[in-house]
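Please read the structure below before turning to the comments.
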Amino acid sequence: MAKVLYSVTLSVDGFITGPDGDMQWMRPYLGPNPEVDDLLPRIGSLLIGRRSHDGDDPHKGEPGEGEAFGGGWSGPAYVVTHRPPSRPETGVTYVDDFAKALTQAKEAAGDKYVNVIGANIAKQCIEAGELDEVLLFYAPVMLGAGTRLFTHPNGQTVPLERISVTKTPLATSLWFKVVQRATP
Numbered sequence: 001m002a003k004v005l006y007s008v009t010l011s012v013d014g015f016i017t018g019p020d021g022d023m024q025w026m027r028p029y030l031g032p033n034p035e036v037d038d039l040l041p042r043i044g045s046l047l048i049g050r051r052s053h054d055g056d057d058p059h060k061g062e063p064g065e066g067e068a069f070g071g072g073w074s075g076p077a078y079v080v081t082h083r084p085p086s087r088p089e090t091g092v093t094y095v096d097d098f099a100k101a102l103t104q105a106k107e108a109a110g111d112k113y114v115n116v117i118g119a120n121i122a123k124q125c126i127e128a129g130e131l132d133e134v135l136l137f138y139a140p141v142m143l144g145a146g147t148r149l150f151t152h153p154n155g156q157t158v159p160l161e162r163i164s165v166t167k168t169p170l171a172t173s174l175w176f177k178v179v180q181r182a183t184p
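Residue numbers (full-length UniProt numbering): 1 to 184.
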């Protein structure tokens, strides 16, 4: 059965994008990472928010631009949106309901991970009690503004248990298991 994983690169001050959705801040930190190399074959599908899908690409102008993980992964992708494009992208399924998209992504993933891309989709997974793990790649930079890793009106505590810590020359990663899922 598929597990739902939120894997994301973020600044030390907790931002996953810079102001106005800027992802170019990430470029200096995209490099060899054994943990990413190990993760990619374990991903069975992607669950993506529309803003993330349509947003800035840290691989802009490079081979792999517009592809998941800069071209390091390919497979089924499910974009949650109420505005499907007039020209759908090959390999991408646009679904107008979060629960349906998650179900389809889990079925497609089989016994691998559904990798979540986008803060809002991750938040919806948490609120639905469907997030199993979180993998954070901390880049040694502070952005000061942008999209936070996780926000919830009036706060919400999500207990985590550390699985591993990995240091590379470009980032430090922390992998967590969600201990107690939120109840819908």
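Each residue gets a CB set at the ideal place from its N, CA and C atoms; glycine is no exception.
Inset, instruction - Assign residue 3 to one of two classes, buried (16 or more other C-beta atoms within 10 Å of its C-beta) or exposed (fewer than that). - result: In the sequence shown, counting from the first residue as 1, residue 3 sits at position 3. That one is buried.
Inset, instruction - Quick one: grab the DSSP three-state call for residue 184. - result: The residue given as residue 184 occupies position 184 in the sequence shown. Since pLDDT at residue 184 reaches only 48, below the 50 mark, its modelled position is unreliable, and no value is offered.
Inset, instruction - Would you check if the region 137-150 and the region 64-77 touch, i.e. whether three or more CB-CB distances between them fall below 8 angstroms? - result: no
Inset, instruction - Please go through the same chain and pick out, in chain order, the residues whose beta-carbon is closer than 6 angstroms to the beta-carbon of residue 120, but skip the five residues on each side of it. - result: To locate residue 120, count along the sequence shown from 1; it is residue 120. Here the set comprises 49.
Inset, instruction - Following the continuous beta strand (DSSP E) through residue 173, name the residue where it begins and the one where it ends. - result: Locating residue 173 in the sequence shown gives position 173, counting from the first residue. 172-178 is the span of the beta strand (DSSP E), which, as asked, contains residue 173.
Legend entry - 7 angstroms Cβ shell around residue 27 - same chain, five flanking residues per side excluded: Start at 1 with the first residue of the sequence shown, and residue 27 comes out as number 27. Contacts found: 58.
Legend entry - residue 176 vs residue 133 beta-carbon contact at 8 angstroms: As a first step, residue 176 is located in the sequence shown; it is residue number 176 there, counting from the start. As a first step, residue 133 is located in the sequence shown; it is residue number 133 there, counting from the start. Yes, these two residues count as a Cβ contact at 8 angstroms.
Legend entry - Option in 91, 88, 101, 169 with minimal Cα separation from residue 124: Here residue 124 is taken as the residue at index 124 of the sequence shown, counted from 1. Among 91, 88, 101, 169, the Cα nearest to that of residue 124 is on 101.
Inset, instruction - Can you grab the Cα-Cα spacing for the pair residue 91 / residue 163, in whole Å? - result: The sequence position of residue 91 within the sequence shown is 91, counting from 1. The sequence position of residue 163 within the sequence shown is 163, counting from 1. Those two C-alpha atoms are separated by around 32 angstroms.
Inset, instruction - To the nearest angstrom, report how far apart residue 53 and residue 39 are at their CA atoms. - result: Within the sequence shown, the letter at position 53 stands for residue 53. Within the sequence shown, the letter at position 39 stands for residue 39. Going from the Cα of residue 53 to the Cα of residue 39 covers about 20 angstroms.
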